[in-house]
Structure formats: structure tokens, C-alpha cells
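*Asks:*
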Amino acid sequence: METSISVRDVTKKHKLYSSTSQKLKDIFLRKDYGEDFYALKGVSFEARQGEVVGFVGINGAGKSTLANIIAGILPETTGEVDVKGEVSLISISSGLKGNLTGRENIELKCLMLGFSKREIEELEPQILDFAELDKFIDQPVKSYSSGMKSRLGFAIAVTIDPDIIIVDEALSVGDKAFAEKAFQKMMDFKQSGKTIIFVSHSIKQMKKFADKVLWLEFGKVKAFGPTKEILPNYEDFIKTYKAMTKAEKENYRREGQSQCH
Amino acid sequence: MKAVVTVLSEQVKFFYLLRRLSWYEIKSKNKMTYLGIGWELINPGIQIAIYWFIFGYGIRRGEGIDGDPFFQWMLSGIIVWFFFNPSIIESSKSIYQRVKMLSKMNFPMSLIPNIVIFSKFYAHIGLLVLVIIILNVSGYPVSIYYLQLPLFIFATYLFIFALSLITSTLNTFIRDLQMLLQAVLRMLLYMTPILWATFSLPEWIQRMMKINPLYYLVEGYRASLLGKEWYFITNPGYSLYFWGITLFLLLVGASLHIKFRKRFIDFI
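Have a look at this one:
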């Protein structure tokens with residue numbers, strides 16, 4: 001199987017400014033101003049075609065940042081990201097416009113993704129079919145429930161037939177029946193050799209679905225390997241982490257962060 | 262120079278996208294109102310009525326300007342303002358408001374301010390047709406001078422686009438600029454011969470006021486619509502100045518835009 005995603009030594013640096021004047025100086029002057037904060041530091045991993053890679057880690061570990069970099073939404077600061085084919089990111093806040101109808105949002109989203117008029121005409125019925133919104137499709141999206149929104153977002157993302165799909169916590173909303181259908185769809189994708197990145201806090205979903213797990217902690221890779229090897233360790237870690245008091249958690253975070261700098 | 266070519270070629274290459282997205286821009290803005298797109302004409306109509314009442318009837322006592330009735334004189338100039346003002350205000354906010362919605366980094370970013378401008382362009386054309394009808398039934402028939410109108414429409418569009426490239430880029434990291442811009446625009450309405458004529462002022466003040474490129478555009482529209490003169494020929498120096506400024510703004514705007522566009526999302 002060919003490599004479809006290759007991430008080499010990627011860092012993402014955010015700037016923390018203590019004042020707005022610092023930010024201005026940093027933008028326009030050569031010299032560096034502000035404090036550096038690394039959301040990702042030297043992350044490397046590879047995913048092959050037909051693989052499902054799960055991203056796990058506590059809040060602030062850099063999962064979503066990495067997902068956004070692979071999707072091409074955020075630029076990386078240093079390092080290299082090689083992605084073969086079209087990437088489609090599915091997240092809960094899928095950027096739907098509240099005062100437009102579902103149907104209008106479908107066209108808008110497809111336009112943004114670079115589809116032509118004819119392609120959109122072809123895709124629309126398939127998306128409608130998958131989203132199962134019935135008469136709500138001609139209602140403004142702001143009247144939708146969160147489950148309906150995620151259904152629409154998911155339907156668009158899978159129907160445009162990407163080579164790589166990134167699911168960022170999007171399956172945690174919506175009812176069981178749709179989650180089942182979405183899983184089935186992703187299984188089909190897996191079978192047809194597409195790569196799936198799966199970001200979730202749910203260990204149950206990970207077990208069921210992921211082939212490999214990338215465990216991130218404070219912007220670094222803590223472990224990467226087959227689900228069977230990595231996930232039990234992560235599960236143990238989560239149990240101890242959850243049992244920690246607030247102060248202990250704080251301490252743990254601080255130590256972890258300082259190791260990174 | 263290369264930046265200008267990149268930016269302009271993006272506008273041409275993604276013209277269909279530009280058209281559709283600007284159509285959605287209008288739609289989503291007017292969705293919740295019963296009169297919908299009608300407001301794009303009703304709003305200026307109300308403002309014109311107020312300005313006419315205050316400046317034409319109240320201050321000038323119905324007296325004409327340079328042989329033209331005040332109403333027609335104002336109408337032929339204010340139409341530029343109703344295109345320029347909302348386009349600049351909205352397009353300046355366009356990038357920082359929308360950058361999060363773009364689901365791809367390789368989206369042709371320079372389209373964003375233009376989507377807003379293009380959506381205002383529909384209203385401009387609608388208003389222009391309306392103004393032409395009013396002028397025709399009130400003693401200003403279509404004349405040979407209408408032929409220069411497309412030139413001034415194009416000039417206005419390009420000037421707005423060039424300016425919006427600068428303001429929309431700078432606005433992503435200095436929000437204060439939007440406040441400043443609104444204040445400047447409010448002033449600009451009175452620094453342009455839209456509501457009052459400037460030729461009673463001393464020569465040097467008039468000259469100063471002509472630094473404002475909008476002056477050129479308003480006078481150009483007026484000369485076309487009222488059938489006065491070939492404005493761009495009778496004022497060759499001023500035409501040269503206007504195009505120089507516009508191209509300079511385009512150069513600055515395009516380079517700023519290209520320089521920072523990869524990092525827009527980091528600034529939000």
C-alpha cells in the first residue's frame with residue numbers, strides 16, 4: 001500500500017503577545033516580538049492508503065491543530081506535510097451559514113471547495129439523499145438541530161468523494177441510527193483504499209474503528225503504532241489522569257509543557 | 262507587479278465562483294426581510310429624499326447649480342457614493358469575517374473582497390438604470406456622452422477593488438482601521454461634490470479637494486449622465502492623476518495581500 005499522508009517534523013508556532021503593540025511590531029518589523037507557544041513540536045507520522053489513524057490525547061494536545069494542518073486549513077510553521085489527493089475535513093462547526101437553507105449551503109460549500117457548476121448539479125441529489133433532511137432542506141440552517149447540522153456537514157464531506165477524510169469529533173453528535181450509517185460509509189471508504197484520520201475522545205469508537213493510533217501530548221508524539229498496542233496504555237493513562245486532583249493535573253500539564261521548550 | 266498579475270488573473274479565472282458567491286452574499290443579507298433585494302434600492306431612495314430636502318430645498322431654496330436643477334445634479338453624482346461607500350465598508354471587513362469559513366487554504370483569497378464589491382455592483386447597476394430613467398423623463402435625455410459611462414464605471418470598480426485590497430489586509434491585524442475608515446468615509450461624503458458644489462470656493466481649496474480620487478469619479482459620472490462634456494478628455498491631467506493613483510493603490514494592495522495572505526488565518 002502506498003503512503004498517502006506523510007508528516008515530517010512539523011511544528012506549529014503560535015505567538016502570545018502581552019500587548020497589541022507587540023503584535024503590530026511583530027507583523028511589520030524584522031525582529032521577533034512576543035512569546036512563542038508551540039502547539040505542535042516536531043510531529044512525524046505516516047499513514048498508508050486504506051488505513052484509519054486515530055488521534056488521541058488530552059485537551060490541548062494538538063490533535064485538532066494537526067488535523068487542520070493536514071487538511072490544509074492551517075499553515076505549518078516548519079516541517080513538511082505531503083498529502084496525496086483531496087482532503088475533506090468534517091468537524092462539528094462545519095462552517096454552514098445559518099440564514100441560508102440547507103440546499104443553498106450545499107451549493108455554497110461545494111463552490112468553496114472548487115467544484116464546477118455541472119459537478120455540483122450531479123452531487124446535490126446524492127448529498128440530499130445521504131443527509132435525510134426531508135422538508136428541512138429548504139429551511140434556513142439556523143433552525144436545524146445540532147444532529148441535523150452534523151448530518152448535512154457529514155453528507156457533503158463524504159459525497160464529494162475525497163481521497164482522505166478527516167473526522168474531527170463530528171460523530172459525537174447525532175442519533176445512533178445516523179452514527180451507524182456514517183460508520184458504514186467510512187468502512188466503505190476504508191475498503192476502497194481511502195485514508196481516514198479520526199479524532200475522538202471516545203475510546204470505544206477508537207477500538208472499533210482505528211487501525212493505528214497516534215497519541216499526542218503537549219504537541220509531541222507520545223506513541224504511534226497499532227491500536228492494540230497503543231490504546232491500552234492510553235486507556236490506563238486516562239484513568240490515572242482522571243483520578244488526579246485539579247492541582248496534580250495542573251502540575252502535570254506544566255511539567256509537560258516545559259519539557260517541550 | 263507580479264502580485265497585480267496574480268490577483269487580477271484570479272479574478273478572471275474564478276469568475277463563475279465570484280458571481281455565484283456574490284449572489285449568495287446578496288441572498289443571505291436580504292433573506293429575512295419581506296422586501297428582500299428591494300431594500301438595495303429603497304435605502305438609497307430614502308437617503309436621496311432626505312439629502313434633497315436638506316441641501317436642495319432647505320439650504321439652496323430650490324436654486325440650481327451651474328444651470329442644472331439641484332435634484333438632477335445631486336442624483337448623477339450620489340450614485341457613485343452609494344456604490345463606493347457600502348462596498349468599501351463591507352469589503353474591508355470581508356477577509357477577517359470570512360477566513361474561518363474557507364475550508365481550503367488554496368482558495369483564491371483575493372476573491373473575498375471582490376465578492377462583496379461584486380454583490381454591491383448589482384445594486385449599483387439597478388440604481389444606475391433607475392437614475393437614467395428619472396433623468397430621461399425630467400429633461401436629461403440619453404446623449405452621446407453616455408459612451409464614456411462604461412469607462413467611469415470600470416474606473417470606479419477598479420478604484421474600489423484596489424483600495425479594498427489594502428484595507429481588507431490591514432484590517433485583519435489592526436481592527437482599529439475599520440473605525441478610522443468609517444470616520445474618514447463620513448467626512449469624504451462632504452469632501453466630494455455630491456451634496457454641494459465646490460466652485461464658489463477659492464481656486465486653491467478646489468485644487469486640494471481634487472486630490473480625492475472620488476472627486477474625479479463623481480464629476481465623470483455627472484458629465485456622462487447630464488450630457489456635459491467628455492470629462493476624461495477635457496481634464497487630461499486629472500485623468501492621468503486618477504489612473505496613476507488607482508494603479509499605485511492596486512500595486513500596493515496586491516503586494517500587501519499576496520505577502521500576508523498565507524498568514525491571514527494566524528492573525529484571527
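So the sequence lines, in the order shown, correspond to chains R and H. At position 187 of the first sequence (counting the first as 1) the number is 187 in this note's numbering, and the numbers step up by one without a gap. At position 183 of the second sequence (counting the first as 1) the number is 444 in this note's numbering, and the numbers step up by one without a gap. Don't be surprised by glycine CBs; every beta carbon is placed ideally from N, CA and C.
Measuring only the C-alpha atoms, how far is Arg468 of chain H from Phe521 of chain H?
*Replies:* Numbered from its first residue, the second sequence carries residue 468 of chain H at position 207. Numbered from its first residue, the second sequence carries residue 521 of chain H at position 260. Their Cα atoms are separated by approximately 36 Å.
*Asks:* Does at least one heavy atom of the ligand COA sit under 6 Å from the Cβ of Val360 of chain H?
*Replies:* Within the structure as shown, the ligand COA is missing, as the structure has no ligands at all.
*Asks:* Cβ atoms of Lys63 of chain R and Leu231 of chain R: under 7 Å apart, would you say?
*Replies:* Along the first sequence, read from residue 1 onward, the residue named residue 231 of chain R stands at position 231. Along the first sequence, read from residue 1 onward, the residue named residue 63 of chain R stands at position 63. No, they are not a contact pair.
*Asks:* Taking any Cβ of chain H, which residues in the region 97-125 of chain R have a Cβ under 8 Å from it, in chain order?
*Replies:* Residues Lys97, Asn99, Leu100, Glu104, Glu107, Leu108, Lys109, Leu111, Met112, Leu113, Gly114, Ser116 and Lys117.
*Asks:* Determine the extent of the alpha helix (DSSP H) in which Asp236 of chain R is found, giving its start and end residues.
*Replies:* Position 236 of the first sequence holds residue 236 of chain R. Per DSSP, Asp236 of chain R belongs to the alpha helix (DSSP H) from Thr227 to Ala243.
*Asks:* Give me, in chain order, the residues of the same chain whose beta-carbon lies closer than 7 Å to that of Gly488 of chain H; leave out the 5 immediate sequence neighbours on both sides.
*Replies:* Position 227 of the second sequence, counting from 1, holds the residue named residue 488 of chain H. Excluding positions up to five away in sequence, the list reads Tyr401, Ser404 and Tyr406.
*Asks:* Measuring only between beta-carbons, confirm whether Tyr285 of chain H sits less than 7 Å from chain C.
*Replies:* In summary, chain C is missing from the structure at hand, where the protein chains are R and H.
*Asks:* Which of the residues in the region 62-89 of chain R, read from start to end, lie with their CB under 7 Å from any CB of chain H?
*Replies:* Those residues of the region 62-89 of chain R that come within reach of chain H (Cβ to Cβ, closer than 7 Å) are Gly72, Ile73, Leu74, Pro75 and Leu89.
*Asks:* Tyr203 of chain H to Tyr418 of chain H, Cα distance in whole Å?
*Replies:* Because chain H spans 262 through 529 in this model, residue 203 of chain H falls outside it and cannot be assessed.
*Asks:* Do Val398 of chain H and Ile531 of chain H count as a contact pair if the criterion is CB distance below 7 Å?
*Replies:* Given that chain H is displayed from residue 262 to residue 529, the structure contains no residue 531 of chain H and the question cannot be resolved.
*Asks:* What does Ile27 of chain R touch in chain H if you count any residue whose Cβ is under 7 Å from its own?
*Replies:* Mapped onto the first sequence, residue 27 of chain R falls at position 27. Result: Phe434.
*Asks:* What is the rounded straight-line gap between the Cα of Tyr482 of chain H and the Cα of Ala67 of chain R?
*Replies:* Taking the second sequence and counting its residues from 1, the one referred to as residue 482 of chain H is at position 221. Taking the first sequence and counting its residues from 1, the one referred to as residue 67 of chain R is at position 67. Answer to the nearest angstrom: the Cα atoms are 52 Å apart.
*Asks:* Under the DSSP definition of a beta bridge, which residues are partnered with Ile90 of chain R?
*Replies:* Looking up residue 90 of chain R in the first sequence gives position 90. R:Val167.
*Asks:* Among R:Val221, R:Pro162 and R:Gln257, which residue has its Cα nearest to the Cα of Gly193 of chain R?
*Replies:* In the first sequence, the residue the question calls residue 193 of chain R occupies position 193. For the residues R:Val221, R:Pro162 and R:Gln257, the minimum Cα distance to Gly193 of chain R belongs to R:Pro162.
*Asks:* Have a look at Thr20 of chain R and Leu388 of chain H and give me their C-alpha separation to the nearest angstrom.
*Replies:* For the purposes of this step, residue 20 of chain R is taken as residue 20 along the first sequence, with counting starting at 1. For the purposes of this step, residue 388 of chain H is taken as residue 127 along the second sequence, with counting starting at 1. Taking the straight line joining both Cα atoms gives about 42 Å.
*Asks:* Measure the C-alpha to C-alpha separation of Lys212 of chain R and Ala182 of chain R and round it to an integer number of angstroms.
*Replies:* Against the first sequence, residue 212 of chain R aligns to sequence position 212. Against the first sequence, residue 182 of chain R aligns to sequence position 182. When rounded, the distance between both Cα atoms is 20 Å.
*Asks:* Give the DSSP-derived three-state secondary structure of Lys249 of chain R in the structure shown.
*Replies:* Working through the first sequence from its first residue, we reach residue 249 of chain R at position 249. Lys249 of chain R: helix per DSSP, three-state reduction.
*Asks:* So, using beta-carbon positions, are Leu111 of chain R and Arg281 of chain H closer together than 7 Å?
*Replies:* The residue labelled residue 111 of chain R in the question sits at position 111 within the first sequence. The residue labelled residue 281 of chain H in the question sits at position 20 within the second sequence. Yes. Within cutoff.
*Asks:* What does Lys523 of chain H touch in chain R if you count any residue whose Cβ is under 9 Å from its own?
*Replies:* As a first step, residue 523 of chain H is located in the second sequence; it is residue number 262 there, counting from the start. Going along chain R in sequence order, the residues near Lys523 of chain H (Cβ under 9 Å) are Pro75.
*Asks:* State the DSSP-derived secondary structure class of Thr77 of chain R, mapped to helix, strand or coil.
*Replies:* By 1-based counting over the first sequence, the position of residue 77 of chain R is 77. Thr77 of chain R falls in the coil class under three-state DSSP.
*Asks:* Among the candidates R:Ser200, R:Lys207 and R:Ile69, whose CA atom is the shortest distance from the CA of Val43 of chain R?
*Replies:* For the purposes of this step, residue 43 of chain R is taken as residue 43 along the first sequence, with counting starting at 1. It is R:Ile69.
*Asks:* Considering only DSSP beta bridges, list what Thr195 of chain R is partnered with.
*Replies:* Stepping through the first sequence from its first residue, residue 195 of chain R is reached at position 195. In DSSP, Thr195 of chain R forms a bridge with R:Ile164.
*Asks:* In angstroms, rounded to a whole number, what distance separates the CA positions of Ile501 of chain H and Ala416 of chain H?
*Replies:* In the second sequence, counting from the first residue as 1, residue 501 of chain H sits at position 240. In the second sequence, counting from the first residue as 1, residue 416 of chain H sits at position 155. Checking the sequence shown, residue 501 of chain H turns out to be Leu, not Ile. Rounded to the nearest angstrom, the two C-alpha atoms are 12 Å apart.
*Asks:* 7 Å is my cut-off, CB to CB: does Ser289 of chain H come that close to chain R?
*Replies:* The count along the second sequence starts at 1 and reaches residue 289 of chain H at position 28. Yes, its Cβ sits closer than 7 Å to a Cβ of chain R.
*Asks:* If Gly54 of chain R and Met186 of chain R are in contact, beta carbons under 8 Å, what's the gap, nearest whole angstrom?
*Replies:* Sequence index remark: in the first sequence, residue 54 of chain R carries index 54 (1-based). Sequence index remark: in the first sequence, residue 186 of chain R carries index 186 (1-based). At roughly 12 Å, the Cβ-Cβ gap does not stay under 8 Å, so Gly54 of chain R and Met186 of chain R are not in contact.
*Asks:* Within a Cβ cutoff of 8 Å, which residues of the same chain sit near Thr101 of chain R, ignoring the five residues on either side of it in sequence?
*Replies:* Locating residue 101 of chain R in the first sequence gives position 101, where the first residue counts as 1. Counting only Cβ-Cβ distances below 8 Å, and skipping sequence neighbours, we find Ile137, Asp138, Gln139, Pro140 and Val141.
*Asks:* List, in chain order, every chain R residue whose beta-carbon is nearer than 8 Å to that of Lys292 of chain H.
*Replies:* If you number the second sequence from 1, residue 292 of chain H lands on position 31. Result: Asn99, Leu100 and Pro140.
*Asks:* For Phe503 of chain H and Leu486 of chain H, I'd like the C-alpha separation in whole angstroms.
*Replies:* Numbered from its first residue, the second sequence carries residue 503 of chain H at position 242. Numbered from its first residue, the second sequence carries residue 486 of chain H at position 225. Computed Cα separation, rounded: 20 Å.
*Asks:* DSSP has Val43 of chain R in a bridge; who is on the other side?
*Replies:* Position 43 of the first sequence, counting from 1, holds the residue named residue 43 of chain R. According to DSSP, which records beta bridges pairwise, Val43 of chain R is partnered with R:Val10.
*Asks:* Return the first residue and the last residue of the beta strand (DSSP E) that Lys142 of chain R is part of.
*Replies:* As a first step, residue 142 of chain R is located in the first sequence; it is residue number 142 there, counting from the start. It is not in any beta strand (DSSP E) - Lys142 of chain R carries neither H nor E in the DSSP assignment.
*Asks:* Does the separation of the CB atoms of Thr159 of chain R and Leu123 of chain R fall below 7 Å?
*Replies:* Along the first sequence, one-based indexing puts residue 159 of chain R at 159. Along the first sequence, one-based indexing puts residue 123 of chain R at 123. Yes.
*Asks:* Which residue wins for smallest C-alpha separation from Asp9 of chain R, given the options R:Glu76, R:Ala223, R:Gln191 and R:Lys239?
*Replies:* Stepping through the first sequence from its first residue, residue 9 of chain R is reached at position 9. Of R:Glu76, R:Ala223, R:Gln191 and R:Lys239, the residue nearest in Cα terms is R:Glu76.
*Asks:* Just list the alpha helix (DSSP H) runs in the region 330-362 of chain H, keeping only unbroken ones of 4 residues or longer that don't cross its boundaries, in chain order.
*Replies:* Counting only runs of 4 or more, we get 331-359.
*Asks:* Gly95 of chain R CB to nearest chain H CB: under 7 Å?
*Replies:* The residue labelled residue 95 of chain R in the question sits at position 95 within the first sequence. Yes, Gly95 of chain R lies at the interface with chain H (some Cβ there is under 7 Å from its Cβ).
*Asks:* Which value, in whole angstroms, describes the spacing of the CA atoms of His261 of chain R and Glu255 of chain R?
*Replies:* As a first step, residue 261 of chain R is located in the first sequence; it is residue number 261 there, counting from the start. As a first step, residue 255 of chain R is located in the first sequence; it is residue number 255 there, counting from the start. For His261 of chain R, the predicted model reports a pLDDT of 49, less than 50, meaning its position is unreliable; a value from the coordinates is still stated below. Going from the Cα of His261 of chain R to the Cα of Glu255 of chain R covers about 10 Å.
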